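These protein sequences, in sequence, are chains A and B.
Every position in the first sequence, counted from 1, becomes a number in the numbering used here once 2 is added.
Every position in the second sequence, counted from 1, becomes a number in the numbering used here once 429 is added.
For reference, the structure is listed below as structure tokens.
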Amino acid sequence: MIFLRRQLPLLITMVTGLLFAAQYYVPHPASEQMLTSATKWLQIIGGFALILGVTSLFHQHAVKIGRKEAGWGYSLVLYAAMLGTIAAGLWANGKESLDGAMTAFGWVYNYMMVPLQGTMFAILAFFIASAAYRSFRARSREAAILLVAAVIVMMGRVPLGEYLIPLSGDVSSWILNVLNASVRRAILIGVSLGAIALSFKIIFGVERSYLGGGKE
Amino acid sequence: MRREADLVEGGWGRFAWPLLVMIFCVSSLQPPCTSAETAISAPQDIQVFDTPNDGGGSLTVQWAPTPGDGPDIRYQVLLAKAPAADPATFTIIAEFPANTKYIKDTKTAWWTRKAEKTWHQAVIKSAKNIEVTDGTAYAVALAAVQGDQRVFSPVSVATPSPDWFNWNQLNNLIIAVSFCGLVFYTISYAKRNEIFLRRIPGLDAVDEAIGRATELGKPILYMTGAHDLHDPSTIAAAVILGKVAKRAALYETELMVPHREPITMAVCQEITKQAYLEAGKPDLFKEDANFFITPDQFSYTAAVDGIMLRKKPAANFFMGHYFAESLLLTETGASTGAIQIAGTDADHQLPFFVTTCDYTLIGEELYAASAYLSREPVQVGTLRGQDIGKAVVLSAIAVGTVLATVGVITGAQWPQIVLDLFRDLK
Numbered sequence: 003m004i005f006l007r008r009q010l011p012l013l014i015t016m017v018t019g020l021l022f023a024a025q026y027y028v029p030h031p032a033s034e035q036m037l038t039s040a041t042k043w044l045q046i047i048g049g050f051a052l053i054l055g056v057t058s059l060f061h062q063h064a065v066k067i068g069r070k071e072a073g074w075g076y077s078l079v080l081y082a083a084m085l086g087t088i089a090a091g092l093w094a095n096g097k098e099s100l101d102g103a104m105t106a107f108g109w110v111y112n113y114m115m116v117p118l119q120g121t122m123f124a125i126l127a128f129f130i131a132s133a134a135y136r137s138f139r140a141r142s143r144e145a146a147i148l149l150v151a152a153v154i155v156m157m158g159r160v161p162l163g164e165y166l167i168p169l170s171g172d173v174s175s176w177i178l179n180v181l182n183a184s185v186r187r188a189i190l191i192g193v194s195l196g197a198i199a200l201s202f203k204i205i206f207g208v209e210r211s212y213l214g215g216g217k218e
Numbered sequence: 430m431r432r433e434a435d436l437v438e439g440g441w442g443r444f445a446w447p448l449l450v451m452i453f454c455v456s457s458l459q460p461p462c463t464s465a466e467t468a469i470s471a472p473q474d475i476q477v478f479d480t481p482n483d484g485g486g487s488l489t490v491q492w493a494p495t496p497g498d499g500p501d502i503r504y505q506v507l508l509a510k511a512p513a514a515d516p517a518t519f520t521i522i523a524e525f526p527a528n529t530k531y532i533k534d535t536k537t538a539w540w541t542r543k544a545e546k547t548w549h550q551a552v553i554k555s556a557k558n559i560e561v562t563d564g565t566a567y568a569v570a571l572a573a574v575q576g577d578q579r580v581f582s583p584v585s586v587a588t589p590s591p592d593w594f595n596w597n598q599l600n601n602l603i604i605a606v607s608f609c610g611l612v613f614y615t616i617s618y619a620k621r622n623e624i625f626l627r628r629i630p631g632l633d634a635v636d637e638a639i640g641r642a643t644e645l646g647k648p649i650l651y652m653t654g655a656h657d658l659h660d661p662s663t664i665a666a667a668v669i670l671g672k673v674a675k676r677a678a679l680y681e682t683e684l685m686v687p688h689r690e691p692i693t694m695a696v697c698q699e700i701t702k703q704a705y706l707e708a709g710k711p712d713l714f715k716e717d718a719n720f721f722i723t724p725d726q727f728s729y730t731a732a733v734d735g736i737m738l739r740k741k742p743a744a745n746f747f748m749g750h751y752f753a754e755s756l757l758l759t760e761t762g763a764s765t766g767a768i769q770i771a772g773t774d775a776d777h778q779l780p781f782f783v784t785t786c787d788y789t790l791i792g793e794e795l796y797a798a799s800a801y802l803s804r805e806p807v808q809v810g811t812l813r814g815q816d817i818g819k820a821v822v823l824s825a826i827a828v829g830t831v832l833a834t835v836g837v838i839t840g841a842q843w844p845q846i847v848l849d850l851f852r853d854l855k
């Protein structure tokens, strides 16, 4: 049993990990074919896993409705929206338009989904403003530096700002291309090494908590 | 008449004949002179071979430069299936000015280069009228063209085939294997010795955040990011979830983990279950602590924002990779008064996390979290390996900068030998 729960998954992880790490260095078409096949398999597994996710979603909201928990009405909306969209999608054979005419599924996507997504994204502008207000209050020396740098960059990135303070364009570019870029690169080097080290640990079975924790 | 005769014989006449003779001579000499200046020579030392380090379907032709190479002369690469012998009947695969397409312009390293960097090189692949397939022999020739002149090189034959190893990436493989060896050495070192870990406030605050949630009797919200388990940052987030879930189980605090990806959800369910078992509280484990919402970015954000506003969790954890939803999530969390800890390798989202969260694990700190929280020698040793790796990378950058500068100033080629070792070559 321990073999099936522990050793076999670790063995599969090691073999596939080494195989696909080696694949990076092999330009042969057989190697490319292997990668393409594996990617397709992952997509198929992902598709089936979606059933798992949708089951979880339905179960969670069914419990909410059953218990009449706070906001259970939203769960009803979710059920109605999901079942309605599935029905519209099956009716339209998954197509947004047929013979130039928009299907019900296309209508749901274009007139409900897209505006709702756009609304959420647009809210970001207000959130940025409120976050900036809180962050840029010069309560400490670091916050003051952040405030000054942000003002210079903002002035340098808009035509009016650069017109009012001509130097702001060059200073802004210097902040972005020298200070900001160097820090970003430092972070990326650290991230890359961290990701590689984690990959080694997983491939060789040093890190195994993703299998469910424990040390057997 | 006399006047005309004077003009001819006496005035112009004295110069006219020598002038005419001179013009004749010059004009009769001109064609051979011009021909000598613009006569073009056939491409020399032509080498045709299967393109090395590729997936097949291509040939490479290299040839020596000539002093006459200039923009007014053009080279043509000619191809036909073997055993064709007359280059004039071959298909023109490429045509370009004679002062272009040098080996120095290609991304190759010194250990795979077959000719001088000053030589010309062209890669032959399938074209409109002819397909280059593996295992078929092809006749290749070059033509130098100027005006109406067209001279051909001798015909060479080569057969394309795929390769099993890309020798251009040998440096990459050596560096990767060396880093792997280094990590395992530091792990064995850490088992025998104590290794100092600098304080990471964001991870010290994990206990504080869970304790606060316990005191307030409110749940903990934990997110694993936008990516699936292909991404190391999601794996790191899942590993940290195990530690957080264990503490939550010990303190008997509710844990909520909304997911964007079903496979990640299934893995996190197992991790959480194991954490509750290890904490000795298996009865407190809830199967639906990990639940799926949607893979859609903003639908997920709206749902999680709703959870934050309705359930008002006392602690929010944002681990893994995030996109534009980062600020929408953290700003909503901040408005509910929750203590917020973020950890991400998404450098573009770091400013948003830093401004809205109480603690932020920046970049590699996300990967260090597992080691920091567990303090296991195996994990801590990996961190030491990463630090040494960083020192090597920084040293390589410094040395490389100096060598590149020396190479540019002095025009010397030897710095390139070292610089090639650290180049990303495909």
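Virtual Cβ for every residue (Gly too), placed ideally from N, Cα, C.
Quick caveat, the model's predicted, so the values are computed rather than measured.
Partners in chain A for residue i, counting only beta-carbon separations shorter than 9 Å
i: leucine 488/B; result: The contacting residues do not exist; leucine 488/B stays about 15 Å from chain A at best.
i: tyrosine 801/B; result: The contacting residues do not exist; tyrosine 801/B stays about 12 Å from chain A at best.
i: asparagine 595/B; result: Tyr26, Tyr27, Val28 and Pro29
i: valine 828/B; result: What valine 828/B touches in chain A: nothing, since even the nearest Cβ is about 15 Å away.
Cβ-based burial, residue i [other Cβ within 10 Å; buried from 16]
i: valine 612/B; result: buried
i: phenylalanine 128/A; result: exposed
i: serine 464/B; result: Annotation note: pLDDT 44 at serine 464/B (below 50); position unreliable, coordinate value reported separately. Under this definition serine 464/B is an exposed residue.
i: leucine 488/B; result: buried
i: leucine 823/B; result: exposed
i: glycine 654/B; result: buried
i: methionine 737/B; result: buried
i: proline 711/B; result: exposed
i: phenylalanine 5/A; result: exposed
i: phenylalanine 782/B; result: buried
i: threonine 839/B; result: exposed
i: threonine 38/A; result: exposed
i: leucine 181/A; result: exposed
When the options are compared against residue i, the one with the closest alpha-carbon
i: histidine 659/B; options: Gly631/B, Val696/B, Leu679/B and Ile624/B; result: Val696/B
i: valine 574/B; options: Gly709/B, Gly840/B, Asn528/B and Val837/B; result: Asn528/B
i: glycine 709/B; options: Met685/B, Ala678/B and Ile736/B; result: Ala678/B
i: isoleucine 817/B; options: Ile768/B, Asp776/B, Gly610/B and Leu802/B; result: Gly610/B
i: alanine 666/B; options: Ile649/B, Met748/B and Val831/B; result: Met748/B
i: isoleucine 664/B; options: Tyr705/B, Tyr796/B, Thr537/B and Val673/B; result: Tyr796/B
i: proline 516/B; options: Leu571/B, Val586/B, Leu670/B and Val835/B; result: Leu571/B
i: glycine 192/A; options: Leu790/B, Val837/B and Ala827/B; result: Leu790/B
i: tyrosine 26/A; options: Ile559/B, Thr730/B, Asn597/B and Thr723/B; result: Asn597/B
Residues that residue i contacts on chain A, provided the C-beta gap is smaller than 8 Å
i: glutamine 815/B; result: Gly192, Leu195, Gly196 and Ala199
i: tyrosine 796/B; result: Val193, Gly196, Ala197, Ala199 and Leu200
For residue i, three-class secondary structure by DSSP
i: lysine 97/A; result: coil
i: phenylalanine 721/B; result: strand
i: valine 584/B; result: coil
i: valine 160/A; result: coil
i: aspartate 633/B; result: helix
i: phenylalanine 594/B; result: coil
i: aspartate 474/B; result: strand
i: alanine 568/B; result: strand
i: lysine 715/B; result: coil
i: tyrosine 751/B; result: coil
i: lysine 855/B; result: coil
i: lysine 675/B; result: helix
i: lysine 620/B; result: helix
Under 9 Å by beta carbon: chain B residues contacting residue i
i: glycine 48/A; result: Asp657, Glu690, Pro691 and Ile692
i: alanine 72/A; result: Arg739 and Lys740
i: glutamine 35/A; result: Ordered by position in chain B, no residue passes the 9 Å Cβ test against glutamine 35/A, which lies about 10 Å from the chain.
Proximal residues of chain B, C-beta to C-beta of residue i below 7 Å
i: glutamine 223/A; result: Residue 223/A falls outside the range modelled here, since chain A spans only 3 to 218, and no answer is possible.
i: phenylalanine 129/A; result: Leu756, Leu757 and Glu760
i: lysine 203/A; result: Thr811
Residues that residue i bridges to, as DSSP identifies them
i: glutamate 524/B; result: Gln505/B
i: methionine 685/B; result: Leu650/B
i: methionine 104/A; result: Ser99/A
i: tryptophan 492/B; result: His549/B
i: aspartate 479/B; result: Leu488/B
i: phenylalanine 746/B; result: Tyr651/B and Ile770/B
i: valine 574/B; result: Arg503/B and Arg579/B
i: leucine 790/B; result: Gly772/B
Under 7 Å by beta carbon: chain A residues contacting residue i
i: glycine 818/B; result: Leu195
i: glutamine 598/B; result: Tyr27
| task | Could you please tell me which residues of the stretch 618-641 of chain B, in chain order, have their CB closer than 7 Å to any CB of chain E? | result | Note that chain E does not occur in the displayed structure, where the protein chains are A and B.
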